[in-house]
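Asker: When we follow the numbering used here, the leftmost residue of the sequence shown carries the number 24, and every step to the right adds one.
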Amino acid sequence: IDYADCVTYNWERIDKQGPMTPENVRILNRFTGLLDEEWFLKTHVIIESEASGVVSAVYDACQTIKANDIDRLLPMLGWLEQAMAHLAGNCLALMFERSAEDGYKCEPDIFFHRFRPYISSWV
Numbered sequence: 024i025d026y027a028d029c030v031t032y033n034w035e036r037i038d039k040q041g042p043m044t045p046e047n048v049r050i051l052n053r054f055t056g057l058l059d060e061e062w063f064l065k066t067h068v069i070i071e072s073e074a075s076g077v078v079s080a081v082y083d084a085c086q087t088i089k090a091n092d093i094d095r096l097l098p099m100l101g102w103l104e105q106a107m108a109h110l111a112g113n114c115l116a117l118m119f120e121r122s123a124e125d126g127y128k129c130e131p132d133i134f135f136h137r138f139r140p141y142i143s144s145w146v
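#1: Closest by CA to Leu-96, which one among Tyr-82, Met-107, Ala-108?
#2: What would DSSP say about Glu-61, mapped onto helix, strand or coil?
#3: Please check if any C-beta of chain D sits within less than 8 Å of the C-beta of Phe-63.
#4: Does DSSP put Glu-130 in a helix, in a strand, or in coil?
#5: Please look up how many angstroms separate the CB atoms of Val-77 and Leu-110, rounded, as I've assumed it's under 8 Å.
#6: How would you write the range of the alpha helix (DSSP H) that Glu-120 sits in, first residue to last?
#7: Starting from Ile-88, follow the alpha helix (DSSP H) in both directions and report where the run begins and ends.
#8: Have a look at Ala-80, Asn-91, Leu-117, Lys-89 and flag the residue whose alpha-carbon is nearest the alpha-carbon of Gly-101.
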């Protein structure tokens, strides 16, 4: 399987008007059936959603450079910095979140040895 199959096209928002949170994302198909896999996939759905501001900021900064509009470049880089801070602030904690009773929601050892080998686009 590849990333698009297991993340990009493999989820739905439970409450269509609700926020993009792990509690509001349903993974449609799990390959291994492990809860660690589900948390890994949900985390990446949220990261991609939150990263849209970064992609927009990079595109706008590139267009500004291409137009040689140096006066607009500094504000564009500020926007990029804000978008990156938003992404990191919202997603880093999510990536390492732990449950009170079980520890990591996506145990690194389980991820690397039981789920990752099936993702063909990673070498």
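We treat Cβ as the ideally placed atom computed from N, Cα and C, and that holds for glycine. Bear in mind that the values here come from a model prediction, so they are computed numbers and not experimental data.
Answerer: From the atom records:
#1: Counted from its first residue, the sequence shown places residue 96 at position 73. That would be Tyr-82, whose Cα lies nearest to the Cα of Leu-96.
#2: What you label residue 61 is simply residue 38 of the sequence shown in a count that begins at 1. Helix at Glu-61.
#3: Here there is only one protein chain, and chain D is not present.
#4: If you number the sequence shown from 1, residue 130 lands on position 107. In the structure shown, Glu-130 sits in coil (DSSP, three-state: anything other than H, G, I, E or B).
#5: In the sequence shown, the residue the question calls residue 77 occupies position 54. In the sequence shown, the residue the question calls residue 110 occupies position 87. At roughly 6 Å, the Cβ-Cβ gap stays under 8 Å, so Val-77 and Leu-110 are in contact.
#6: Position 97 of the sequence shown, counted from the start, is the residue given in the question as residue 120. Segment: none, Glu-120 is in no alpha helix (DSSP H) and carries neither H nor E.
#7: What you label residue 88 is simply residue 65 of the sequence shown in a count that begins at 1. Unbroken alpha helix (DSSP H) run through Ile-88: 75-89.
#8: Counting from one through the sequence shown, the residue named residue 101 turns up at place 78. Of the candidates Ala-80, Asn-91, Leu-117, Lys-89, the one whose C-alpha sits nearest the C-alpha of Gly-101 is Ala-80.
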